């Protein structure tokens with residue numbers, strides 16, 4: 001009886017320790033993901049500002065990269081390329097933190113339902129269905145929660161050209177809520193989700209496969225783990241960006257419109273009628289540059305920070 005009771009107490013204590021460890025891992029992942037996201041977002045914000053100007057309905061010089069760059073520089077100077085950095089860092093920091101914190105549990109849950117997988121982390125080669133589902137579901141949740149910040153970020157990036165000036169992220173949220181209601185804070189959410197969920201599912205699948213094959217095929221003495229993470233992130237981010245760019249154009253247009261009457265299909269029709277099918281690819285170059293570098297930086301920093309955090313736990 002005493003032995004049985006002692007064993008039961010030990011099992012209970014072990015379960016509690018495992019639960020605490022899981023919470024610590026989630027908190028560590030949130031901190032690492034948030035830090036990685038904010039650093040990469042601040043560095044690469046000029047790409048996002050130029051892309052937003054190109055995608056606006058009245059974008060400069062027929063939506064060209066050179067025209068957008070010239071307009072930002074002439075109107076706001078060098079500082080103009082960092083417009084919207086505050087909400088961008090908040091959005092990416094919070095979104096990336098949530099994404100990385102949720103990714104582990106979602107991957108584990110999906111893996112437990114699969115009979116085809118012998119691994120449970122991105123350090124293993126996982127079935128495509130698991131990585132696609134985990135990436136999409138996790139990003140869907142994170143993007144929905146950060147949509148109001150995304151609206152503010154887009155408005156602030158376009159700056160004076162929109163005729164609006166916000167003192168900061170909080171005042172912008174209140175201003176949009178007062179003038180447009182809750183619908184204004186969630187404008188463009190559907191195309192945002194249509195962009196982010198497939199993007200993250202595809203990205204995570206590519207990252208997992210590319211990273212795995214690089215680790216297997218490269219001489220471990222000739223290429224560091226940091227190099228593998230960076231290359232995997234850059235390649236995966238670039239490919240996923242090209243595939244999911246059209247919803248980003250639609251999202252930008254909808255979030256710059258200060259009306260709740262603009263729907264997805266009407267926005268798409270308007271773009272195609274005025275600019276042709278190529279209008280759905282406006283701003284792809286700066287977004288490609290930003291996303292490729294951002295994912296490379298984010299995942300490299302995340303992997304390094306996660307390794308450091310795990311050593312401290």
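Numbering (UniProt numbering), first residue to last: 1 to 313. Where a beta carbon is used, it is the ideal one built from N, C-alpha and C, also for glycine. Just so you know, these numbers come straight off a predicted model, no measurement behind them.
Kindly indicate which residue of the options has the alpha-carbon position closest to the one of residue i.
{"i": "residue 246", "options": "210, 234 and 283", "result": "283"}
{"i": "residue 38", "options": "192, 298, 308 and 306", "result": "298"}
{"i": "residue 55", "options": "268, 26 and 293", "result": "268"}
{"i": "residue 51", "options": "248, 189 and 181", "result": "248"}
{"i": "residue 186", "options": "170, 213 and 150", "result": "150"}
{"i": "residue 129", "options": "204, 212 and 257", "result": "204"}
{"i": "residue 80", "options": "65, 275 and 46", "result": "46"}
{"i": "residue 236", "options": "281, 275, 75 and 211", "result": "211"}
{"i": "residue 168", "options": "89, 183 and 76", "result": "89"}
{"i": "residue 255", "options": "223, 189, 71 and 224", "result": "189"}
Considering only residues of the same chain and omitting the five flanking positions on each side of residue i, which have a CB-CB separation below 8 Å?
{"i": "residue 3", "result": "Residue confidence for residue 3 is low, a pLDDT of 49 falling below 50, so the modelled location carries little weight and cannot support an answer."}
{"i": "residue 324", "result": "Nothing can be reported for residue 324: it is not among the residues displayed for the chain, which extend from 1 to 313."}
{"i": "residue 172", "result": "87, 152, 155, 156 and 166"}
{"i": "residue 49", "result": "72, 80, 81, 82, 83, 84 and 157"}
Using the C-alpha atoms, what's the distance from residue j back to residue i?
{"i": "residue 227", "j": "residue 63", "result": "35 Å"}
{"i": "residue 266", "j": "residue 83", "result": "29 Å"}
{"i": "residue 239", "j": "residue 296", "result": "13 Å"}
{"i": "residue 105", "j": "residue 85", "result": "30 Å"}
{"i": "residue 191", "j": "residue 221", "result": "44 Å"}
{"i": "residue 144", "j": "residue 243", "result": "21 Å"}
{"i": "residue 99", "j": "residue 178", "result": "30 Å"}
{"i": "residue 216", "j": "residue 112", "result": "25 Å"}
{"i": "residue 75", "j": "residue 69", "result": "10 Å"}
Around the C-beta of residue i, are 16 or more other C-beta atoms found within 10 angstroms, so that it is buried, or is it exposed?
{"i": "residue 287", "result": "buried"}
{"i": "residue 155", "result": "buried"}
{"i": "residue 9", "result": "Low confidence applies here, because residue 9 scores a pLDDT of 46, under 50, leaving its location unreliable; read the following figure in that light. Residue 9 should be labelled exposed."}
{"i": "residue 108", "result": "exposed"}
{"i": "residue 13", "result": "In this prediction, residue 13 has a pLDDT of 49, which is less than 50 and means its spatial position is unreliable; nothing more can be read from the coordinates."}
{"i": "residue 277", "result": "exposed"}
{"i": "residue 29", "result": "buried"}
{"i": "residue 137", "result": "buried"}
{"i": "residue 91", "result": "buried"}
{"i": "residue 251", "result": "buried"}
{"i": "residue 97", "result": "buried"}
Are the CB atoms of residue j and residue i within a distance shorter than 8 Å?
{"i": "residue 290", "j": "residue 44", "result": "yes"}
{"i": "residue 135", "j": "residue 67", "result": "no"}
{"i": "residue 166", "j": "residue 53", "result": "no"}
{"i": "residue 305", "j": "residue 32", "result": "yes"}
{"i": "residue 139", "j": "residue 197", "result": "yes"}
{"i": "residue 294", "j": "residue 40", "result": "yes"}
{"i": "residue 315", "j": "residue 271", "result": "Here the chain comprises residues numbered 1 to 313, so residue 315 is not present and cannot be evaluated."}
{"i": "residue 101", "j": "residue 26", "result": "yes"}
{"i": "residue 232", "j": "residue 218", "result": "no"}
{"i": "residue 110", "j": "residue 133", "result": "yes"}
Could you pull out every residue in the same chain whose Cβ sits closer than 6 Å to the Cβ of residue i, ignoring the five residues on either side in sequence?
{"i": "residue 229", "result": "299, 300 and 303"}
{"i": "residue 307", "result": "none"}
{"i": "residue 93", "result": "34, 37 and 38"}
{"i": "residue 234", "result": "292 and 296"}
{"i": "residue 146", "result": "91, 94 and 95"}
Enumerate in chain order the residues of its own chain whose CB-to-CB distance from residue i is below 7 Å, with the five nearest sequence positions on each side excluded.
{"i": "residue 131", "result": "204, 205 and 208"}
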